[in-house]
Amino acid sequence: MSALPIRSDLRSLKPYGAPQLDVPVQLNVNENPFAPSEPTVRKISEAVAKAVAGLNRYPDRDAIVLRDALVNYLSKREGIVVDLAQVWPANGSNEVMLQLMQTFGGPGKRALGFSPTYSMYPDYCRDTFTNYVTVARNEDFSVSAQLALKAIEDTSPDIVLFASPNNPTGTALDLSIVEQVCSRFEGMVIVDEAYAEFRRSGTPSALTLLERFERLVVTRTMSKAFAFAGGRVGYLVASPAVVDAVQLVRLPYHLSALTQAAATAALEQADDLLAGVELLRSQRDDLVEWLRGRGHQVAQSDANFVLFGKFADSDAVWQGLLDRGVLIRQTGPDGWLRVSIGTPSEMMSFRQALEEVVPG
Ligand SMILES: *Cc1c(COP(=O)(O)O)cnc(C)c1O
Numbered sequence: 001m002s003a004l005p006i007r008s009d010l011r012s013l014k015p016y017g018a019p020q021l022d023v024p025v026q027l028n029v030n031e032n033p034f035a036p037s038e039p040t041v042r043k044i045s046e047a048v049a050k051a052v053a054g055l056n057r058y059p060d061r062d063a064i065v066l067r068d069a070l071v072n073y074l075s076k077r078e079g080i081v082v083d084l085a086q087v088w089p090a091n092g093s094n095e096v097m098l099q100l101m102q103t104f105g106g107p108g109k110r111a112l113g114f115s116p117t118y119s120m121y122p123d124y125c126r127d128t129f130t131n132y133v134t135v136a137r138n139e140d141f142s143v144s145a146q147l148a149l150k151a152i153e154d155t156s157p158d159i160v161l162f163a164s165p166n167n168p169t170g171t172a173l174d175l176s177i178v179e180q181v182c183s184r185f186e187g188m189v190i191v192d193e194a195y196a197e198f199r200r201s202g203t204p205s206a207l208t209l210l211e212r213f214e215r216l217v218v219t220r221t222m223s224k225a226f227a228f229a230g231g232r233v234g235y236l237v238a239s240p241a242v243v244d245a246v247q248l249v250r251l252p253y254h255l256s257a258l259t260q261a262a263a264t265a266a267l268e269q270a271d272d273l274l275a276g277v278e279l280l281r282s283q284r285d286d287l288v289e290w291l292r293g294r295g296h297q298v299a300q301s302d303a304n305f306v307l308f309g310k311f312a313d314s315d316a317v318w319q320g321l322l323d324r325g326v327l328i329r330q331t332g333p334d335g336w337l338r339v340s341i342g343t344p345s346e347m348m349s350f351r352q353a354l355e356e357v358v359p360g
């Protein structure tokens, strides 16, 4: 059989594939380990059942009810008042980001990221024929205003991509940096806040800067803190002009009626779904301290995962943990590994396994 005539730039590539292995302790893709409560399951199921009764019709293309629920959520939880015209949801923030790159990137355009950072950014760029360049973060994985501004000067991007807190390092961005970049840079600035709800107190969100900068976009997701990864809903918050622009590329009826109904019901149960976040934050801080106590290097984390190292053979450490039923993630700079924060008993299993694999 001859090979399919696949696009030449895709031919040698492998698809995204964090292993989905059936092991007892899964700490590899930064999910919230707490499943929805019985009452929340019931409320979401009822909302979905209602939507099922109307599945002969296409869903609301503009997802008005869901956007309204997101507006309420932002106002209640974050104290941020935005208009429905400033919020746009899609199937995960992955799709939001792809839509942004389709709208503002494209052939001849360049996006700048700060490495190590989210492994999907190069993929969104490749898929939209956007040139992706990276500049290395500081030794402690932070990004200073000076570093960011120099990177912009050196690479002349059209889009600057910041993840804050950053994946895989957990590092949050000082807001003054976003502010300085937005003030001096002519292009689009995207701040990916997938892990915002986990940030330590006192770490502000870029949402607070939106009213000042028309070219700033903040993306969020229901996949992480919100315990809704399986529902596939992410969203952006920006100026109405950005939301209008994205309409040009979004597929018609991109968000199914089932997704819209489930996500709207989930947002009504926000207090319940987010109930575990405090515990996860404190367990994260405990884990950072414990790892440092064992002599590991640990990146400061504002997220629900911790990047730690440095191992001469991190693959062997990863495999050793897996052999003991604990799946973590091989990602980030050489010699480092990333572990998501799970339930207290999962974290106990992780610690015990690590003590066996890497004796103190
Ligand atoms: C997990 C993650 C996302 C979001 O994924 P979705 O499930 O598509 O919303 C976005 N950005 C970063 C940095 C992430 O780690």
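Residue numbers (the UniProt record's numbering): 1 to 360. By construction, the Cβ of each residue, glycine as well, lies at the ideal position given by its N, Cα and C atoms.
Residue nearest to Lys43 within the set Asp272, Ser201 and Asn91 is Asp272 (criterion: CA-CA distance). The DSSP-derived three-state label of Tyr235 is strand. For Thr221, there is no enclosing alpha helix (DSSP H); the residue is part of the beta strand (DSSP E) that begins and ends at Leu216 to Thr221. Annotation for Gly113 indicates a beta carbon at 7 Å or more from all heavy atoms of ligand 1. In terms of Cα proximity to Ser256, the closest of Arg199, Val65 and Lys310 is Val65.
Between Leu149 and Val181, the beta carbon gap of about 7 Å places them in contact (Cβ cut-off 8 Å). Around the CB of Ser301, 16 or more other CB atoms lie within 10 Å, so the residue is classed as buried. Nearest Cα to Glu95 within the set Met120, Gly79 and Ser12: Met120.
When distances are taken from the beta-carbon of Asn94 to the heavy atoms of ligand 1, the shortest one is below 7 Å.
The beta carbon of Lys109 sits closer than 6 Å to those of Thr130 and Asp158, all from its chain and outside the five residues before and after it, given in chain order. Shortest gap from the CB of Asn304 to any heavy atom of ligand 1: 7 Å or more. Rounded to the nearest angstrom, the gap between the Cα atoms of Leu291 and Arg250 is 44 Å. Annotation: the continuous beta strand (DSSP E) that includes Asp192 extends over Met188 to Asp192. Judged by DSSP in its simplified three-state form, Ser345 adopts helix. Note that the stretch 171-191 touches the stretch 201-215; at least 3 beta-carbon pairs, one per stretch, sit closer than 8 Å.
In summary, Asn56 is exposed, with fewer than 16 beta-carbon neighbours lying within 10 Å of its beta-carbon over all protein chains present. Below 8 Å, too few C-beta pairs join the stretch 258-276 and the stretch 299-318 to call them touching: fewer than three. Met97 is not a Cβ neighbour of Tyr132, given a cutoff of 8 Å.
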